[in-house]
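Reading through the structure tokens given below for one structure.
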Amino acid sequence: MDVSAIVEAEASKKKAVTVEKDIPIQIDIGLLSALDTNPIDTEAYNTDLESHLQAVARDGAQVILGALFGLPTQPSDDGPIATLPPPTAALPRAKPLPKPRPPTKWERFAAAKGIQKTKRDRREWDEERQEWVNRWGWKGKNKDQEEQWIHEVPDNAPDDYDPAVEARKERKARVAKNEKQRERNLNVAAASGQREREETKSKLNRTLAVTRTSTASMGRFDKKLEGDTKLKGIKRQFAPNEVSAESEKKSSMDIIKRLDREPPKSKRVRTDAEAEDSRRSGKDGLVNVRKAIRHASKGNGGIALAKGLKKQSGATKRKAGKGK
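At position 91 of the sequence shown the residue is numbered 72 (my numbering), and the sequence of numbers has no breaks.
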């Protein structure tokens, strides 16, 4: 039985592993990408577009897979692993490169004076032991007062006073105080940042709303953008045309009650003559007697004003006698 025809038919269905084209396909294995610069086959493109695109995509994927299997591998528990080389194609950026932050005033001052920020070391030199010891933790310097073999006991200390226990309590209290202060600082910083963001957001919303209503039509005929929220105006509420008998009765009774109330007593309007008499008598309270005396006497007081009025009346009498 001759099966060569069947074998050839099956072999023709399978694609070749190697891809041969007039212009070799450019590969960037670091980005797992392939660039085919060959001209488009116009006849195949116009005849069956989907089949043509699948054939081009198959050739590009075959080239990438061939390059992947050509990379050196390393054995691991999950199987052989190949490390991708660094990419060779320079992809364009959507945004420009970030600019370096300008130094602050303190950073410029520190650079000019040669001041460097040094991290506090965990260990410090102990003069008594003549060795480096921990600042805190196991055999820390902060526990010397608790572990020393002799303590000074105050005179007013109780009988059950333990200096080591008291020193430990003071150290724990300092740690708790520092932790509480740290948490409070974190809460204040978080609250201030949140508050600033909320204020900025509300300010931007108000500015945007004012800008949208600053046109001649108050924003009614402006172009609406996608996702814009509708401006909230003054909503007028009208009573319904048809109401129940109970609500109509209640409104009518309210009107009758308002009509039955006694009218408020109107204030009596003073005439000009009454106002003048009240001003002269000083009962109105609009005239400050002390200020009036100070103004009339030019700051000399009531006695000087009385003497001046007396002299003025005497001069008037003498002039009247001469006239007679």
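By construction, the Cβ of each residue, glycine as well, lies at the ideal position given by its N, Cα and C atoms.
| query | Which one of I236, L65, A287 and T23 has the shortest CA to CA distance from L12? | reply | Indexing the sequence shown from 1 puts residue 12 at position 31. Ranking the options by Cα distance to L12, first place goes to L65.
| task | Just the C-alpha distance for R149 and K124, rounded to the nearest angstrom, thanks. | result | Within the sequence shown, residue 149 is the residue found at index 168, counting from 1. Within the sequence shown, residue 124 is the residue found at index 143, counting from 1. Approximately 8 angstroms, taken between the alpha carbons.
| query | Going by C-alpha distance, which of P56, W117 and D209 is nearest N186? | reply | In the sequence shown, counting from the first residue as 1, residue 186 sits at position 205. Nearest option by C-alpha distance: D209.
| message | For T206, tell me which candidate among P56, T85 and L189 has the shortest Cα-Cα distance. | response | As a working mapping, residue 206 is identified with position 225 in the sequence shown. The sequence shown places Leu at residue 206, not Thr. Nearest option by C-alpha distance: L189.
| Which residues does DSSP pair with V114 in a beta bridge? | Counting from one through the sequence shown, the residue named residue 114 turns up at place 133. Answer by DSSP bridge pairing, in chain order: E105.
| Rounded Cβ spacing between A63 and T54 (contact assumed at less than 8 angstroms) | For this step, residue 63 is matched to residue 82 along the sequence shown. For this step, residue 54 is matched to residue 73 along the sequence shown. With a Cβ gap of about 5 angstroms, A63 and T54 count as contacting.
| Extent of the continuous alpha helix (DSSP H) to which S32 belongs | By 1-based counting over the sequence shown, the position of residue 32 is 51. L30 to F50 is the extent of the alpha helix (DSSP H) around S32.
| query | Smallest Cα separation from L72: which of N159, S32, D9 and I4? | reply | To locate residue 72, count along the sequence shown from 1; it is residue 91. Of N159, S32, D9 and I4, the residue nearest in Cα terms is D9.
| task | Label A15 either buried or exposed according to how many other C-beta atoms from any shown protein chain fall within 10 Å of its C-beta, with 16 as the threshold for buried. | result | Stepping through the sequence shown from its first residue, residue 15 is reached at position 34. Its Cβ being crowded by 16 or more others within 10 Å, A15 is buried.
| task | Report yes or no: is there a C-beta of chain C within less than 8 angstroms of the C-beta of Q55? | result | No chain C appears in the structure shown, which is made up of a single protein chain.
| query | Can you tell which of T181, K100, E180 and L212 has the C-alpha that lies nearest to the C-alpha of T194? | reply | Taking the sequence shown and counting its residues from 1, the one referred to as residue 194 is at position 213. Comparing Cα positions, the closest option is L212.
| Roughly how many angstroms lie between the CA atoms of I96 and L167, to the nearest whole one? | Position 115 of the sequence shown holds residue 96. Position 186 of the sequence shown holds residue 167. So the alpha carbons of these two residues sit roughly 28 angstroms apart.
| said: Excluding the 5 residues flanking L52 on each side, which residues of the same chain have their C-beta closer than 6 angstroms to its C-beta? | reply: Taking the sequence shown and counting its residues from 1, one reaches residue 52 at position 71. So the qualifying residues of the chain are A63.
| field | Length of the line joining the Cα atoms of N281 and Q293 | value | In the sequence shown, residue 281 corresponds to position 300, counting from 1. In the sequence shown, residue 293 corresponds to position 312, counting from 1. Looking at the two C-alpha atoms, the distance is approximately 17 angstroms.
| query | Quick one: is V44 buried, meaning 16 or more other Cβ sit within 10 Å of its Cβ, or exposed? | reply | Working through the sequence shown from its first residue, we reach residue 44 at position 63. Result: buried.
| Since E109 contacts R116 with CB under 8 angstroms, what's their CB separation in whole angstroms? | Along the sequence shown, one-based indexing puts residue 109 at 128. Along the sequence shown, one-based indexing puts residue 116 at 135. That pair is no contact at about 15 angstroms.
| task | Please go through the segment 67 to 95 and give each complete beta strand (DSSP E) segment of 3 or more residues, from N-terminal end onward. | result | none
| said: Here's the rule: buried if 16 or more other CB atoms are within 10 angstroms of the residue's CB, otherwise exposed. What is G266? | reply: Position 285 of the sequence shown holds residue 266. In this prediction, G266 scores a pLDDT of 49, lower than 50, which makes its location untrustworthy; no coordinate-derived value is stated.
| message | I believe T192 touches D203 by the beta-carbon criterion, under 8 angstroms. Please report the beta-carbon distance rounded to the nearest angstrom. | response | Position 211 of the sequence shown, counted from the first residue, corresponds to residue 192. Position 222 of the sequence shown, counted from the first residue, corresponds to residue 203. No, T192 and D203 are not in contact; Cβ-Cβ is about 10 angstroms, not under 8 angstroms.
| request: Rounded to whole angstroms, what's the CA-CA distance from I131 to D143? Just pull it up for me. | output: For the purposes of this step, residue 131 is taken as the residue at position 150 of the sequence shown. For the purposes of this step, residue 143 is taken as the residue at position 162 of the sequence shown. If I take the Cα positions, the gap works out to 11 angstroms.
| query | What first and last residue would you give for the alpha helix (DSSP H) that runs through L16? | reply | Along the sequence shown, read from residue 1 onward, the residue named residue 16 stands at position 35. Note, L16: premise wrong, no alpha helix (DSSP H); beta strand (DSSP E) at S14 to L16.
| Looking only at its own chain, which residues have a Cβ that is under 8 angstroms from the Cβ of K80, when we skip the five neighbours before and after it? | Along the sequence shown, read from residue 1 onward, the residue named residue 80 stands at position 99. Once the five neighbours on either side are set aside, K80 has no close Cβ partner at all.
| task | Starting from D125, follow the alpha helix (DSSP H) in both directions and report where the run begins and ends. | result | The residue labelled residue 125 in the question sits at position 144 within the sequence shown. Taken as a continuous stretch (DSSP letters only), the alpha helix (DSSP H) holding D125 covers D125 to E128.
| query | For Q314, which residues of its own chain have a beta-carbon under 6 angstroms away from its beta-carbon, when the five flanking residues on both sides are left out? | reply | With the chain represented from -18 up to 305, any question about residue 314 goes unanswered, as that position is not in the structure.
| Span separating the alpha-carbon of E179 from that of A171 | The sequence position of residue 179 within the sequence shown is 198, counting from 1. The sequence position of residue 171 within the sequence shown is 190, counting from 1. Computed Cα separation, rounded: 12 angstroms.
| message | With the cut-off set at 8 angstroms, would you say K120 and D107 are in Cβ contact? | response | The residue given as residue 120 occupies position 139 in the sequence shown. The residue given as residue 107 occupies position 126 in the sequence shown. No.
| said: I'd like to check one pair, L290 with I274: are the Cβ atoms closer than 8 angstroms? | reply: Your numbering for residue 274 matches position 293 in the sequence shown. Your numbering for residue 290 matches position 309 in the sequence shown. Not a contact, by the Cβ cut-off of 8 angstroms.
| Would the beta-carbon of D22 fall within 8 angstroms of that of H33? | As a first step, residue 22 must be located in the sequence shown, where it is residue number 41. As a first step, residue 33 must be located in the sequence shown, where it is residue number 52. Yes. Within cutoff.
| Three-state secondary structure (DSSP) at I8? | For the purposes of this step, residue 8 is taken as residue 27 along the sequence shown, with counting starting at 1. DSSP places I8 in strand when its eight states are reduced to three.
| query | From S225 to S232, what does the alpha carbon distance come to, in whole angstroms? | reply | As a working note, residue 225 is residue 244 in the sequence shown. As a working note, residue 232 is residue 251 in the sequence shown. Computed Cα separation, rounded: 11 angstroms.
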